[in-house]
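To keep things clear, I will list the structure first and then write my remarks on it.
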Amino acid sequence: MWEVKSISTEKRTLNFESSGQDVHVGTSIYANNELLFNQAESIQDHGDGEHVFQSIICDHCGFSHCESGNWIALRRIGDVHLILPVFDWIIEEEDSLKNEYLPPKYISSQGAGIIDSSSFDKLKELITPFKEIHEVKELTGKELATLYKYETPTRLFGDLPEIGQIKKDQIIGCSEGEVSLYLKLIDEKIYQIEKCSTVQLVKMDDNYRFVSFFLDDLGSTEWKAATIDSEGNIELLIDNWRVISN
């Protein structure tokens, strides 16, 4: 995951004449110099209360759905907001349409974006559909569990549009001891999160140590999969954010 900061804009001239329209001046929105939305004025909220948007829209017509991909879901969890893949739409869609709702590159390469209240207020000023939302849809346990799988290094659970079981053969070691035991504990926590009605993301602190797995690749990549406290209690970890179920 990455933190969405330093919101900035840029005016762009878009030629829609090929679709029978006029030249249009649109607003592109950036965060950390990364293009988030290429046409703020053309963004629409899709679905009935789903808070789903196409973030990068066709430059030749300005209409959502003209081109496939670049879809995001806006969610709230605690004091922050997230932009993440539209997991339910992708996974539950029929095979021929699964690629339609894949996320933009800034999510597929960096993971979900975390937006603090100040940055979200700026986005609401720029994006009318964001401003019109009375209350952003809360992140579900199922979505958070899927996000956990999606955020693993080398996509250990598979990549969209298909996310499934962990690729155990790619794991060669664990910081806490037996690989199979701790993978079982991780799997149990994922199941618990999926079934939970209320979930939280809490910043990591020094009171915990990592449960790390080491991958069978050239660099023996370390996957910091969870935290463990002095009493042996485990919580899932996405980057520096602990996944807490209530």
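The opening position of the sequence shown corresponds to residue 37 in our numbering, with each subsequent residue numbered one higher.
We put the CB at the ideal spot given by N, CA and C, even for glycine.
Residues that residue i bridges to, as DSSP identifies them
{"i": "residue 82", "result": "88"}
{"i": "residue 113", "result": "116"}
{"i": "residue 210", "result": "249"}
{"i": "residue 62", "result": "48"}
{"i": "residue 263", "result": "246, 271"}
{"i": "residue 107", "result": "90"}
{"i": "residue 143", "result": "DSSP, once it has assigned bridges, lists no residue as partnering residue 143."}
{"i": "residue 258", "result": "250"}
{"i": "residue 174", "result": "112"}
For residue i, three-class secondary structure by DSSP
{"i": "residue 236", "result": "strand"}
{"i": "residue 279", "result": "strand"}
{"i": "residue 136", "result": "helix"}
{"i": "residue 151", "result": "strand"}
{"i": "residue 198", "result": "coil"}
{"i": "residue 77", "result": "helix"}
{"i": "residue 161", "result": "helix"}
Residue-chain proximity (residue i, chain D), Cβ-Cβ < 8 angstroms
{"i": "residue 149", "result": "Among the protein chains of the structure shown there is no chain D, as only one such chain exists."}
Closest by C-alpha distance to residue i, when choosing among the options
{"i": "residue 222", "options": "190, 234, 239, 181", "result": "181"}
{"i": "residue 13", "options": "279, 79, 93", "result": "Only positions 37 to 282 of the chain appear in this structure, which leaves residue 13 out of reach."}
{"i": "residue 219", "options": "120, 66, 259, 133", "result": "259"}
{"i": "residue 242", "options": "249, 252, 276, 211", "result": "276"}
{"i": "residue 261", "options": "187, 267, 230", "result": "187"}
{"i": "residue 174", "options": "250, 114, 62", "result": "114"}
{"i": "residue 75", "options": "48, 179, 85", "result": "48"}
{"i": "residue 126", "options": "120, 135, 118", "result": "135"}
{"i": "residue 50", "options": "61, 233, 101", "result": "61"}
{"i": "residue 198", "options": "234, 128, 43, 189", "result": "128"}
{"i": "residue 213", "options": "154, 56, 246", "result": "246"}
Residue interval of the beta strand (DSSP E) (run including residue i)
{"i": "residue 40", "result": "38–40"}
{"i": "residue 72", "result": "70–73"}
Anticipated Cβ contact below 8 angstroms, residue i with residue j, distance rounded
{"i": "residue 112", "j": "residue 59", "result": "Between residue 59 and residue 112 the Cβ distance is about 37 angstroms, and since that is not below 8 angstroms, they are no contact."}
{"i": "residue 122", "j": "residue 108", "result": "7 angstroms"}
Span of the alpha helix (DSSP H) around residue i
{"i": "residue 215", "result": "215–230"}
{"i": "residue 127", "result": "123–128"}
{"i": "residue 183", "result": "177–186"}
{"i": "residue 168", "result": "164–168"}
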